[in-house]
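As structure tokens, the structure follows; a few thoughts come after it.
Number of protein chains: 2
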Amino acid sequence: MDIKKYLQEKKEVVDKALESYLPKQSEKKDNEEFPVSLRQAMRHSLFSGGKRIRPILSIAAYEAVGGKGDKILPFACALEMIHTYSLIHDDLPAIDNDDYRRGNPTCHKVFGEAMGILAGDGLLTEAFRLMTKQSMNDPRVVLDVVNDIARASGISGMVGGQVADIESEGKGVDFPTVEYIHTHKTGALILASVRSGVKLGGGNDETLKAFTGYGEKIGLAFQIVDDILNVEGKAELLGKSTGSDLFKKKATYPSLLGIEESRKRAGELMKSAIDALQPFGSEVEPLKEIARFIVLRES
Amino acid sequence: MDIKKYLQEKKEVVDKALESYLPKQSEKKDNEEFPVSLRQAMRHSLFSGGKRIRPILSIAAYEAVGGKGDKILPFACALEMIHTYSLIHDDLPAIDNDDYRRGNPTCHKVFGEAMGILAGDGLLTEAFRLMTKQSMNDPRVVLDVVNDIARASGISGMVGGQVADIESEGKGVDFPTVEYIHTHKTGALILASVRSGVKLGGGNDETLKAFTGYGEKIGLAFQIVDDILNVEGKAELLGKSTGSDLFKKKATYPSLLGIEESRKRAGELMKSAIDALQPFGSEVEPLKEIARFIVLRES
Chain A
3 MDIKKYLQEK
13 KEVVDKALES
23 YLPKQSEKKD
33 NEEFPVSLRQ
43 AMRHSLFSGG
53 KRIRPILSIA
63 AYEAVGGKGD
73 KILPFACALE
83 MIHTYSLIHD
93 DLPAIDNDDY
103 RRGNPTCHKV
113 FGEAMGILAG
123 DGLLTEAFRL
133 MTKQSMNDPR
143 VVLDVVNDIA
153 RASGISGMVG
163 GQVADIESEG
173 KGVDFPTVEY
183 IHTHKTGALI
193 LASVRSGVKL
203 GGGNDETLKA
213 FTGYGEKIGL
223 AFQIVDDILN
233 VEGKAELLGK
243 STGSDLFKKK
253 ATYPSLLGIE
263 ESRKRAGELM
273 KSAIDALQPF
283 GSEVEPLKEI
293 ARFIVLRES
Chain B
3 MDIKKYLQEK
13 KEVVDKALES
23 YLPKQSEKKD
33 NEEFPVSLRQ
43 AMRHSLFSGG
53 KRIRPILSIA
63 AYEAVGGKGD
73 KILPFACALE
83 MIHTYSLIHD
93 DLPAIDNDDY
103 RRGNPTCHKV
113 FGEAMGILAG
123 DGLLTEAFRL
133 MTKQSMNDPR
143 VVLDVVNDIA
153 RASGISGMVG
163 GQVADIESEG
173 KGVDFPTVEY
183 IHTHKTGALI
193 LASVRSGVKL
203 GGGNDETLKA
213 FTGYGEKIGL
223 AFQIVDDILN
233 VEGKAELLGK
243 STGSDLFKKK
253 ATYPSLLGIE
263 ESRKRAGELM
273 KSAIDALQPF
283 GSEVEPLKEI
293 ARFIVLRES
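Protein chains in written order, with the working numbering: chain A, 3 to 301; chain B, 3 to 301.
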């Protein structure tokens, strides 16, 4: 299969859905009016050329287990909103103080710090609103998925990992701490993306278990590769400056194990992720290709 | 009825439930571990002497329509977590830059700005996790309530109102803008608190409509009274400095209409709120008393 074409097609589906959930123009429906500046700030970060890996993973998992139609889209888009909120808050001066992201000025650089905080808050909350809209999905499954995503995004997931990341800066932290940071800050939401697709697509417990193994491995691999790219990636491909982890003395795989060993680990995780899907047939081909893409990407 | 006793009793129920949802000590369950500092920062603001008005409103509405037992508590506590997150973020240097809240140093003053942002993010996300836990409530009703609360907290509610509030600072804004700010920044979540109780307690559409009228009125009255207290309240009762709205040239009822007219409007809203509950009997007495309390409070 042509993975680049697949990713491009799915990205277009996600972008179109996101556009419908947060359109450029207000719908002016009752009680739906909100400040233009807030809409612009949220859209600035939401439509800044992201790869849409999390929504694509949820769609790929959904379709792999036999899910049909658009019922996955609110969840896929909510995952991207949550991811985007986390980037906006991470970039704030009080946290990572980053001026550029995907080649564009970060949200607070354009709209100010107060708006950066509130645009992030808005995207996070909107994600939960979107997922809980009445739909054709089984409400029990929806609640389970939303709970899974909230756990992955919150204190036992992304937020917890982010705090541990900040606290590790400048300190010589051990390997378990780096693993905690990676699996929580980045891995948890990637895993929840895969699991949401399985659950909403009607996959059984055995399938969920296998896909969870896949999700855990690519989640960790994703962050290792991110850290490798921060050391030796091309700034013009990444759209942001490199070397910042080293400068901030961040706890990363490369800083603890070196580049070569980190690359080796990422490769092993890719292989394990693909192995976890061995019991399945051609329907998991996109997921296998996404695992390869995550590890072999240059940006 | 003795409203002070009622409020105290309900506050204790809410505090106990909040304590169980975010205990001082980690439960060390699988995947539940998160940084100690994050727990401390969240608890600092969550347990700093709040009146628990929103959770109490949801419980009072729940019981008024015949709801029984503890099934309301996760929602009541989630409402307080969302309220607390909004206070933490509002107090940040980039937004209101407040050093004190309820007589205590604000979250970012104690734990730093990065932690203030992340403790707020953590509380907001934890609220959604708490509400979507599997429970004995009808999953369809739960989804509806969570959606209502997400709407009230997000861009079409609190976040939108907060942005409008910031943008109004120092400008001579008109009355409709002040009303937009009040009904969205504060009113929406108070209204959602009342509605959540009705829905989870099994109230019918007619009841929901009447209680919605009550909730809209007390929500607006609450903010008007807050603004009056900011002008002429006692700092030692409020636990924060007064006069800050005037200093920041915030758009408020007192700044537009003067203190006397604002007080009159708050009184009228209190009366309308109580009138909205006229069709009901003694079961709505606590709600009527809460309306009086909201308008006649001194802190």
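Where a beta carbon is used, it is the ideal one built from N, C-alpha and C, also for glycine.
Run of the alpha helix (DSSP H) containing residue i, from where it starts to where it stops
| i | result |
| --- | --- |
| T86 (chain B) | 75-93 |
| H46 (chain A) | 38-48 |
| G204 (chain B) | Unbroken run through G204 (chain B): none, as it is neither H nor E. |
| R142 (chain B) | 141-155 |
| M160 (chain B) | 160-170 |
| K304 (chain A) | Nothing can be reported for residue 304 (chain A): it is not among the residues displayed for chain A, which extend from 3 to 301. |
| T127 (chain B) | 115-133 |
| A62 (chain A) | 55-66 |
| F183 (chain A) | It should be noted that the sequence gives Ile, not Phe, for residue 183 (chain A). First-last of the alpha helix (DSSP H) with I183 (chain A): 177-184. |
| S137 (chain B) | Segment: none, S137 (chain B) is in no alpha helix (DSSP H) and carries neither H nor E. |
Alpha-carbon spacing of residue i relative to residue j, whole angstroms
| i | j | result |
| --- | --- | --- |
| E35 (chain A) | S158 (chain B) | 6 Å |
| P95 (chain A) | I119 (chain A) | 11 Å |
| A190 (chain A) | M160 (chain A) | 7 Å |
| G203 (chain B) | G174 (chain B) | 43 Å |
| E262 (chain A) | E171 (chain A) | 22 Å |
| Q164 (chain A) | A212 (chain B) | 44 Å |
| M44 (chain A) | M3 (chain B) | 48 Å |
| D32 (chain A) | S264 (chain A) | Low confidence applies here, because D32 (chain A) scores a pLDDT of 49, under 50, leaving its location unreliable and the question unanswered by this model. |
| S60 (chain B) | L81 (chain B) | 9 Å |
| Y255 (chain A) | T209 (chain B) | 58 Å |
| T188 (chain A) | E270 (chain A) | 18 Å |
| L40 (chain B) | Q27 (chain B) | 12 Å |
| M117 (chain A) | A121 (chain B) | 18 Å |
| F249 (chain B) | K111 (chain A) | 26 Å |
| E238 (chain B) | V233 (chain A) | 53 Å |
| I276 (chain B) | L298 (chain B) | 14 Å |
Any C-beta of chain B under 8 Å from that of residue i
| i | result |
| --- | --- |
| L193 (chain A) | no |
| Q27 (chain A) | no |
| T127 (chain A) | yes |
| L81 (chain A) | no |
| T2 (chain A) | Coverage of chain A is limited to positions 3 through 301, which leaves residue 2 (chain A) absent and any answer about it impossible. |
| D120 (chain A) | A small fix is needed here, since residue 120 (chain A) is Leu in this sequence, not Asp. Output row for L120 (chain A): interface = yes. |
| G205 (chain A) | no |
| A78 (chain A) | no |
| G269 (chain A) | no |
| I74 (chain A) | no |
| H313 (chain A) | Outside the shown range of chain A (3 to 301) lies residue 313 (chain A), about which nothing can therefore be said. |
| L210 (chain A) | no |
Spatial neighbours of residue i in its chain, beta-carbon cut-off 6 Å, leaving aside the 5 residues before and after
| i | result |
| --- | --- |
| P288 (chain B) | Y8, A62 |
| G241 (chain A) | R104, G105 |
| L75 (chain A) | A19 |
| H85 (chain A) | R56 |
| K6 (chain A) | none |
Helix, strand or coil at residue i according to DSSP, with G and I counted as helix
| i | result |
| --- | --- |
| N232 (chain B) | helix |
| R103 (chain B) | strand |
| D247 (chain B) | helix |
| F282 (chain A) | coil |
| S301 (chain A) | coil |
| R294 (chain B) | helix |
| D32 (chain A) | For D32 (chain A), the predicted model reports a pLDDT of 49, less than 50, meaning its position is unreliable and no value from the coordinates is stated. |
| A212 (chain A) | helix |
| D277 (chain A) | helix |
| E188 (chain B) | Reading off the sequence shown, one finds Thr at residue 188 (chain B), where the question assumed Glu. Three-state result, T188 (chain B): helix. |
Same chain only: Cβ atoms within 8 Å of residue i, ignoring 5 sequence neighbours per side
| i | result |
| --- | --- |
| M138 (chain A) | K73 |
| D150 (chain A) | A194, R197, S198, K201 |
| A253 (chain B) | D167, S170, E171, K173, V175, T179, V180, I183 |
| F130 (chain B) | A80, V148, A152 |
| P281 (chain B) | A212 |
| G51 (chain A) | R104, G105, N106, G241 |
Closer than 8 Å to chain A by CB, residue i
| i | result |
| --- | --- |
| V196 (chain B) | no |
| L40 (chain B) | yes |
| G156 (chain B) | yes |
| L289 (chain B) | no |
| P141 (chain B) | yes |
| G162 (chain B) | yes |
| L145 (chain B) | yes |
| V165 (chain B) | yes |
Contacts of residue i in chain C (Cβ-Cβ under 7 Å)
| i | result |
| --- | --- |
| R131 (chain B) | Structure shown: chain C not included; protein chains present are A and B. |
Contacting residues, own chain, Cβ-Cβ under 7 Å from residue i (five flanking each side not counted)
| i | result |
| --- | --- |
| C1 (chain A) | This structure gives no information on residue 1 (chain A), because the portion of chain A shown stretches from 3 to 301. |
| I192 (chain B) | R56, L59, G217, I220, G221, F224 |
| G215 (chain B) | A278 |
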